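Here's the structure we're looking at; comments come further down.
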Amino acid sequence: MIPQQVLDDLRNSSRIVAVTHIHPDGDALGSLLAFASIMESLGKEVFCLLEEPVSHLYSFLPGQERLSWDFKEVRAFFEKTGEKVTGVSLDCGDAWRIGSNIYKEISAATPFVVIDHHASHKKFGNSSWVDEHRSSTGEMLYEIAEALSAEISWEAAYNLYVAIMTDTGSFRYENTSSRTMHIAAELLEKGVSAEDVAARIYDNYSPARLCLLQKCLGSVNLLENSQIAVMTLSREMLATTGALIDDVENFINIPRAVKPVKVAMFLKEGSGGQVSVSLRAKGEVDVSKIAGLFGGGGHHNAAGFQINGSTLEKAEALILKLLRKEL
Ligand SMILES: [Mn+2]
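If you count by the working numbering, then the sequence shown holds residues 1 to 327, one letter each, in order.
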């Protein structure tokens with residue numbers, strides 16, 4: 001059930017600043033764009049604010065001219081009239097994941113409405129709908145649109161479909177329910193092509209991305225009788241292939257797909273001793289618990305976090321110690 005306060009806050013707002021999490025994925029961007037379209041169909045004005053430009057992997061999303069990473073523009077939006085601006089956070093499990101720069105820019109937004117499905121969600125905002133059993137924020141927005149009797153345009157349907165498809169690993173993960181499939185079917189009814197979305201998400205490799213994949217796969221180590229797979233990305237691999245950091249999206253699903261693997265870990269070397277860690281699990285291991293120990297978060301089967309002042313080797317040893325206990 002959608003909390004009444006969330007629906008009331010959305011109904012009563014005429015101007016909205018909508019945000020999502022940093023390093024936005026398909027659910028984050030698809031939800032943000034769909035939300036703007038849905039609310040605009042109700043006559044509301046929506047400003048979609050991001051911390052940085054959209055990854056080239058998602059440059060096909062319809063309506064992305066709505067997105068802005070220009071803080072001057074958002075300040076102008078706040079100043080335009082005396083009217084209050086409602087804040088809406090989509091797919092964000094923790095206030096800090098909105099991004100500290102954005103958080104400052106939107107601090108005047110009130111009320112602040114939160115819609116999310118992360119198991120590790122830490123409550124924030126004035127009203128919220130958080131349901132960890134939902135496949136995606138996109139799935140939740142479909143129901144919000146229905147509850148508000150809003151129109152779902154082709155553009156909104158396309159973006160919601162991207163959101164749901166990417167967060168369910170193409171309707172394969174345990175978060176895929178019969179309701180997820182019903183909603184996906186409704187979106188196809190609105191003219192979205194499942195083939196088109198799948199091709200744009202999965203058949204979109206640049207030659208540099210393939211070279212990077214070769215190097216990342218070359219780094220894979222299977223440990224603990226192949227129950228743990230470790231994959232690493234060094235800064236040198238990026239430099240020599242000419243690929244972009246966004247290109248690593250979905251790489252981790254390959255070691256995860258190895259039958260005996262229960263947890264796949266992907267370590268990415270950043271600058272200044274920063275290591276980003278993605279964990280993907282199958283079955284009982286709860287990787288959001290491990291991510292939580294490092295200040296990160298996510299879902300039972302997919303989580304991430306960062307370690308500062310470390311190296312790939314040190315970070316790997318540290319996490320392996322924790323993972324072995326969970327097997
Ligand atoms: Mn999501």
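Beta carbons are placed, not taken as given, at the ideal position from N, Cα and C, and that holds for glycine.
Given the structure is predicted, the values throughout are model-derived calculations rather than measurements.
Own chain partners of residue i with C-beta closer than 6 Å, once the 5 adjacent residues on each side are dropped
i: Ile152; result: Ala145
i: Leu187; result: Ala157, Leu160 and Tyr161
i: Ile183; result: Glu139 and Tyr142
i: Ala34; result: Leu141, Ala156, Asn159 and Leu160
i: Glu105; result: Phe71 and Val74
i: Ala95; result: Phe124
i: Met237; result: Lys215
i: Gly296; result: Gly304 and Phe305
Beta-carbon contacts of residue i that lie in its chain and below 7 Å, excluding the five residues immediately before and after
i: Pro255; result: Val220, Ala229, Met231, Val261 and Ala264
i: Ile102; result: Val19, Leu49 and Glu51
i: Arg66; result: Leu33, Ala36 and Cys48
i: Glu358; result: Since the first and last residues shown for the chain are 1 and 327, residue 358 lies out of range.
i: Ser234; result: Glu269 and Leu312
i: Leu213; result: Phe251
Residue i: CB within 6 Å of a non-hydrogen atom of ligand 1
i: Thr137; result: yes
i: Asp246; result: no
i: Asp131; result: no
i: Asp9; result: no
i: Asp27; result: yes
i: Asp91; result: yes
i: Asp203; result: no
i: Asp167; result: yes
Under 7 Å between C-beta atoms of residue i and residue j
i: Ala198; j: Asp27; result: no
i: Ser120; j: Gly93; result: yes
i: Thr176; j: Cys211; result: no
i: Phe77; j: Phe47; result: yes
i: Asp91; j: Ser31; result: yes
i: Ser310; j: Gly272; result: no
i: Thr137; j: His118; result: no
i: Ala303; j: Leu279; result: yes
i: Val130; j: Ser89; result: no
i: Ile290; j: Leu322; result: yes
i: Val17; j: Gly63; result: no
i: Ile2; j: Ala150; result: no
i: Phe266; j: Ile252; result: yes
Cut-off 8 Å between Cβ atoms - residues of its own chain near residue i, not counting five sequence neighbours on either side
i: Glu83; result: Ser14 and Arg15
i: Gly191; result: Trp154 and Ala157
i: Glu249; result: Asp25, Ser55 and Leu57
i: Glu174; result: His300 and Asn301
i: Gln227; result: Pro260, Val261, Lys262, Val263 and Leu327
i: Leu7; result: Ile144, Ala147 and Leu148
i: Leu223; result: Ala229, Val230 and Leu320
i: Arg200; result: Phe60
i: Arg324; result: Glu224 and Ile228
Buried or exposed (CB count within 10 angstroms, at least 16 for buried), residue i
i: Ser268; result: The amino acid at residue 268 is misidentified as Ser; the sequence shows Lys. The residue in question, Lys268, is buried, as its Cβ has 16 or more Cβ neighbours within 10 Å.
i: Thr110; result: exposed
i: Arg97; result: buried
i: Tyr58; result: buried
i: Glu316; result: buried
i: Leu217; result: exposed
i: Met165; result: buried
i: Gly43; result: exposed
i: Ser133; result: Per the sequence shown, residue 133 should be read as His rather than Ser. The residue is exposed, with fewer than 16 neighbouring Cβ atoms inside 10 Å.
i: Ser276; result: buried
i: Ala281; result: buried
i: Asp286; result: buried
i: Thr81; result: exposed
i: Gly99; result: buried
i: Ala257; result: exposed
i: Leu293; result: exposed
i: Gly283; result: exposed
i: Asp196; result: exposed
i: Arg209; result: buried
i: Ser107; result: exposed
i: Ser288; result: buried
Exercise. Whole alpha helix (DSSP H) runs in the stretch 35 to 85 with 4 or more residues, listed along the chain?
Worked result: For the stretch 35 to 85, whole alpha helix (DSSP H) runs of length 4 or above, ordered along the chain, are 71 to 79.
Exercise. Which parts of the stretch 231 to 311 are runs of the alpha helix (DSSP H), unbroken and 4 residues or longer, counting only runs that do not cross its ends?
Worked result: As far as the stretch 231 to 311 is concerned, its whole alpha helix (DSSP H) runs of at least 4 residues are 235 to 241, 253 to 256 and 287 to 293.
Problem set entry | Whole alpha helix (DSSP H) elements within the stretch 105 to 150, 4-residue minimum | Taken in chain order, the complete alpha helix (DSSP H) segments of 4 or more residues contained in the stretch 105 to 150 are 137 to 147.
For this session: Give, in chain order, every unbroken run of the beta strand (DSSP E) that is at least 3 residues long and sits entirely within the stretch 152 to 225.
Result: List check, beta strand (DSSP E) in window: 221 to 223.
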